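In what follows, a single structure is set out as structure tokens and then discussed.
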Amino acid sequence: MSSVATPVPPTGRRRRRSKLQRRQTRLAWLLLVPSLAVVAFVAIYPLGKTVYQSFTNQEFLALEPTKWVGLENYRELLHDTVFRHAVWKTIEFTLITVGFEFALGLAIALVVNSSFKGRGVMRAVMLVPWAIPTVVAAQMWKWMLDDTFGVVNDAGTRLHILSHSQAWISDPSTALAAVCAVDIWKTTPFVALLLLAGLQVIPGDLYEAAEVDGASQLQQFRKITLPLLAPAILVTLIFRTLDALRVFDVFYVFFGNRPDTQTMAIYNQDTIVGDGHVGYGAAISVAIFLIIALFVVIYVTFMRVTED
Amino acid sequence: MFKKRRSLLFVGGPVLLLALVVTVSVSAGTNRKGGANAIPAPAVPNAKAIKAKYGGQSITFIGDSVGGGHTRDMALATRFTKATGIKVKVVPHPTASDASYSQLARVFTSHGSSFDVAMIDVVWPGAFAPYLVDLKPKLGKQAKLHAAGIVANDTVKGRLVAMPWFGDFGILYYRTDLLKKYGYSAPPTTWAQLFAMAKKIQDGEQASNPQFSGFVFQGNSYEGLTCDALEWIASSGGGQFVDGGKVTINNPKAAAILTLFQKNIGVTTPRGVTSYQEGEAHTAFVTGNAAFMRNWPYAYSIAADPKQSKVVGKFSVTTLPHGPGGKPVGTVGGWQLAVNKYSKHQDAAIEFVRYMTSPAVERFDAITNTNVPTIPAVAKDPAVVKANPYLKPQIATVARVTRPARYLGTHYNEGSKEIYQGISQILNGASANSVLPSIQSKLQQLVK
Numbered sequence: 141m142s143s144v145a146t147p148v149p150p151t152g153r154r155r156r157r158s159k160l161q162r163r164q165t166r167l168a169w170l171l172l173v174p175s176l177a178v179v180a181f182v183a184i185y186p187l188g189k190t191v192y193q194s195f196t197n198q199e200f201l202a203l204e205p206t207k208w209v210g211l212e213n214y215r216e217l218l219h220d221t222v223f224r225h226a227v228w229k230t231i232e233f234t235l236i237t238v239g240f241e242f243a244l245g246l247a248i249a250l251v252v253n254s255s256f257k258g259r260g261v262m263r264a265v266m267l268v269p270w271a272i273p274t275v276v277a278a279q280m281w282k283w284m285l286d287d288t289f290g291v292v293n294d295a296g297t298r299l300h301i302l303s304h305s306q307a308w309i310s311d312p313s314t315a316l317a318a319v320c321a322v323d324i325w326k327t328t329p330f331v332a333l334l335l336l337a338g339l340q341v342i343p344g345d346l347y348e349a350a351e352v353d354g355a356s357q358l359q360q361f362r363k364i365t366l367p368l369l370a371p372a373i374l375v376t377l378i379f380r381t382l383d384a385l386r387v388f389d390v391f392y393v394f395f396g397n398r399p400d401t402q403t404m405a406i407y408n409q410d411t412i413v414g415d416g417h418v419g420y421g422a423a424i425s426v427a428i429f430l431i432i433a434l435f436v437v438i439y440v441t442f443m444r445v446t447e448d
Numbered sequence: 016m017f018k019k020r021r022s023l024l025f026v027g028g029p030v031l032l033l034a035l036v037v038t039v040s041v042s043a044g045t046n047r048k049g050g051a052n053a054i055p056a057p058a059v060p061n062a063k064a065i066k067a068k069y070g071g072q073s074i075t076f077i078g079d080s081v082g083g084g085h086t087r088d089m090a091l092a093t094r095f096t097k098a099t100g101i102k103v104k105v106v107p108h109p110t111a112s113d114a115s116y117s118q119l120a121r122v123f124t125s126h127g128s129s130f131d132v133a134m135i136d137v138v139w140p141g142a143f144a145p146y147l148v149d150l151k152p153k154l155g156k157q158a159k160l161h162a163a164g165i166v167a168n169d170t171v172k173g174r175l176v177a178m179p180w181f182g183d184f185g186i187l188y189y190r191t192d193l194l195k196k197y198g199y200s201a202p203p204t205t206w207a208q209l210f211a212m213a214k215k216i217q218d219g220e221q222a223s224n225p226q227f228s229g230f231v232f233q234g235n236s237y238e239g240l241t242c243d244a245l246e247w248i249a250s251s252g253g254g255q256f257v258d259g260g261k262v263t264i265n266n267p268k269a270a271a272i273l274t275l276f277q278k279n280i281g282v283t284t285p286r287g288v289t290s291y292q293e294g295e296a297h298t299a300f301v302t303g304n305a306a307f308m309r310n311w312p313y314a315y316s317i318a319a320d321p322k323q324s325k326v327v328g329k330f331s332v333t334t335l336p337h338g339p340g341g342k343p344v345g346t347v348g349g350w351q352l353a354v355n356k357y358s359k360h361q362d363a364a365i366e367f368v369r370y371m372t373s374p375a376v377e378r379f380d381a382i383t384n385t386n387v388p389t390i391p392a393v394a395k396d397p398a399v400v401k402a403n404p405y406l407k408p409q410i411a412t413v414a415r416v417t418r419p420a421r422y423l424g425t426h427y428n429e430g431s432k433e434i435y436q437g438i439s440q441i442l443n444g445a446s447a448n449s450v451l452p453s454i455q456s457k458l459q460q461l462v463k
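So the sequences go chain by chain: A and B. Heads up, the working numbering is the position in the first sequence plus 140, with the first residue counted as 1. Heads up, the working numbering is the position in the second sequence plus 15, with the first residue counted as 1.
This is the structure:
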């Protein structure tokens, strides 16, 4: 469909072209209408409705009718320390997990990209953590990390790595580390897969040429692999950052709505679904949308710079 | 490198492994079956007439999920369907009751008819009343069999919006064999005693069982913690969060008892108790890994069931301890059955509620699941008393304390959240003196 909409470059036979072009444009629009309608229905309408609701005092089980309150919700949001705490927690989580996932994922992708026996099986096996539904994996880890019957503490104390059983999830000093570890365990394979796809399109003859010119492995990695992998890296980082900023499931299974470990999404869900403050919750949603959009802008700008 | 490129994925492997992992992890959580005393589900009175009128209709029931509750619901629903031809789809509600509240609130707000009958907590009738069917015309007579206090709680502005189903109050479970072993002749009467005994027993038992801990309760950041903390504070003379319309949670007695609990986290309790709900607590107790447990009566049936419990015949129940200068109390819990105003099969739903809240079903529930009957006559039935030792007068007459639903109205869930989130912070190390004033001020904004 996109090839139809691509503008045809102007040439000598301008009039006939433009007639054809017009017809093509019309056809392109016609073909686009269904998908535009779907986008409007599933994306633009809900987003618009959320923005609208954020200017009202709508509530679940409200005894009085909903009123327009203008910027009231946003004014309140500026002074909301719980929300601020949730934003920082989420950003902290994002930086830690995306950093580790990228480093480990790249290492794994490089290893799996080289040829060795059983490579196909290896690639399949490494995807298992990613294929398990997050809620199932989180519940599994919650039991494994438990301080009385968890296998992690049992193995740790038997092997004398731990001096005593540690309540990884309950103890606020290790809670974030525990949830990050599970996310890294789960998502690193996905990052590795994306980077592996990037590695596989780098033509092998480049390395052969470099070999002939006497370039070392490290030089090959820095001068060939990294630059050619850059687009894949950026896509991967965008995917992961946006996902991490929206994180809900692992935190929800691990902590419920414990105050010290709320992410933006959990605070948002709890405000709307738990407290029934639809209007205020909508304002939080809009704020989260803007925060995530900010990250996208940063990445896209960065991407343009590297393209130039 | 180029020519060695092969299909990126070998699909069969991960799918098989995944299936294995999911199967194992799911089956690990489903080994709860039956109560200690299996008796058949009671017959449905007047079944023929109901069948003639409503047979073939389908209703959805949002039912229980804690302990043997779901098994009971399934048994009763199957019996009801067989007798009346009304199909009942049983959907267990979330185990944390605040999550269950949110689920129902969402359906009511959108005027949804996705369920017909729901179990609702004793603190909800006020918030949900406008969305519930008045049961008085059809079930008013049956309501007279139930304890007047609970019926009054379920009556909002003269409308009977819910029928009492089973009651609840917090009790202390203790290991009789361990008390004897460590030289105690009676269960503790104060919290300080409880922690001292828990410490001594734990120190002794951990030599052979490193998983053993002295005391378990519901310490997760959820509704259950509001219930537990109410007992700690009220039994220490620190009030009931809100008293006579005034928020009272910020007081020295409350701070003292909360600090005592904070000091015991990870010392006489598992460190992870701050993520325990009812299920985690009773699992620790029935597997023989705890000397004391605070829980609701339902856990008695599990602890007394040889198929699920390692402590059969080695435990007993009593009233909860109290703080200095206080007296023992139990938080009022309990569940009601209500009919959704937007239900398309209200009459069939009401017949289901009639059956579920009948004396025969309450007797069945009390014997198989050790839930507290809301019908006084059932509570005196010898078979019921035999299965439920907490119905002995010295335990059953303990002073009851109620959560501040009356003062919070439609903001109950939010108010309770402020309470349990604050107390969760205290249990996890924050100072009571710094957290209580902030709970106090948040509650003040919500109390009308």
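Glycine included, C-beta positions come from ideal geometry on N, C-alpha and C. Note that the structure is predicted; figures quoted are calculated from it, not measured.
Whose C-beta lies closer than 7 Å to the C-beta of residue 200 of chain A among residues of the same chain, with five residues either side of it excluded?
416 and 418
So, at 6 Å on beta carbons, what are the nonlocal neighbours of residue 341 of chain A in its own chain, with the 5 sequence-adjacent residues on each side left out?
none
Please name the residue in A:167, A:204, A:426 and A:239 whose C-alpha comes closest to that of residue 379 of chain A.
A:239
Should residue 77 of chain B and residue 115 of chain B be called a contact, given that it needs their Cβ atoms to be closer than 9 Å?
yes
Please classify residue 247 of chain A: is it buried, with 16 or more other beta-carbons within 10 angstroms of its beta-carbon, or exposed?
exposed
Residue 381 of chain B to residue 391 of chain B span [Cα, whole Å]:
12 Å
Residue environment, residue 394 of chain B, which counts as buried when at least 16 other CB atoms sit within 10 Å:
buried
Going by DSSP in three states, residue 351 of chain B sits in which element: helix, strand or coil?
strand
For residue 204 of chain A, which three-state DSSP category applies?
coil
Taking 9 Å as the CB-CB limit, is residue 289 of chain B close to chain A?
yes
Going by DSSP in three states, residue 187 of chain B sits in which element: helix, strand or coil?
strand
What did DSSP end up calling residue 306 of chain B once you bin it into helix, strand or coil?
strand
Decide if residue 228 of chain A is buried, meaning its Cβ has at least 16 other Cβ atoms within 10 Å, or exposed.
exposed
Inter-residue Cα distance where the pair is residue 237 of chain B and residue 302 of chain A:
30 Å
Where DSSP assigns a beta bridge to residue 170 of chain B, which residues make up the other side?
B:175
Leaving aside the five residues before and after residue 344 of chain B along the sequence, list all residues of the same chain whose C-beta is less than 6 Å from its C-beta, in chain order.
246, 249, 250, 414 and 416
Count the CB pairs spanning the segment 94-109 of chain B and the segment 362-379 of chain B that are closer than 8 Å, and state whether there are at least three.
yes
Three-way DSSP call (helix, strand, coil) for residue 331 of chain B in this model
strand
Counted within 10 angstroms of its Cβ, other Cβ atoms place residue 305 of chain A as buried (16 or more) or exposed:
buried
Hey, could you find the ends of the beta strand (DSSP E) residue 412 of chain A is sitting in?
Note, residue 412 of chain A: premise wrong, no beta strand (DSSP E); not H, not E.
Would you kindly work out how many angstroms separate the C-alpha atoms of residue 288 of chain A and residue 392 of chain A, rounded to a whole number?
21 Å
Does the segment 216-230 of chain B come close enough to the segment 340-355 of chain B that 3 or more CB-CB pairs lie under 8 Å?
no
Where the segment 224-242 of chain B meets chain A: residues whose CB sits under 9 Å from a CB there
225, 226, 227, 228, 234, 235, 236 and 237
Give the DSSP-derived three-state secondary structure of residue 308 of chain A in the structure shown.
coil
Whether residue 315 of chain B touches residue 293 of chain B by CB criterion (9 Å)
no
Check the Cβ of residue 311 of chain A against every Cβ in chain B and list those closer than 7 Å, keeping chain order.
286
For residue 390 of chain A, I'd like the list of residues in its chain whose CB is within less than 7 Å of its CB, leaving aside the five on either flank, ordered along the chain.
274, 278, 319, 322 and 323
Step through the CB atoms of chain A and report whether any lies within less than 9 Å of the CB of residue 274 of chain B.
no
Determine the extent of the beta strand (DSSP E) in which residue 418 of chain B is found, giving its start and end residues.
Here residue 418 of chain B belongs to no beta strand (DSSP E), and DSSP marks it neither H nor E.
List, in chain order, every chain B residue whose beta-carbon is nearer than 9 Å to that of residue 286 of chain A.
285, 287, 290 and 295
Test: residue 95 of chain B CB closer than 9 Å to a CB of chain A
no
Strictly under 9 Å for the Cβ-Cβ distance: is residue 330 of chain B near chain A by that measure?
no
Quick check on DSSP: helix, strand or coil for residue 320 of chain B?
coil
Is the Cβ of residue 426 of chain B closer than 9 Å to any Cβ of chain A?
yes
Buried versus exposed call for residue 198 of chain B [16 or more other C-beta atoms within 10 Å across all chains shown]
exposed
CB residue 350 of chain B to CB residue 89 of chain B, shorter than 9 Å?
no
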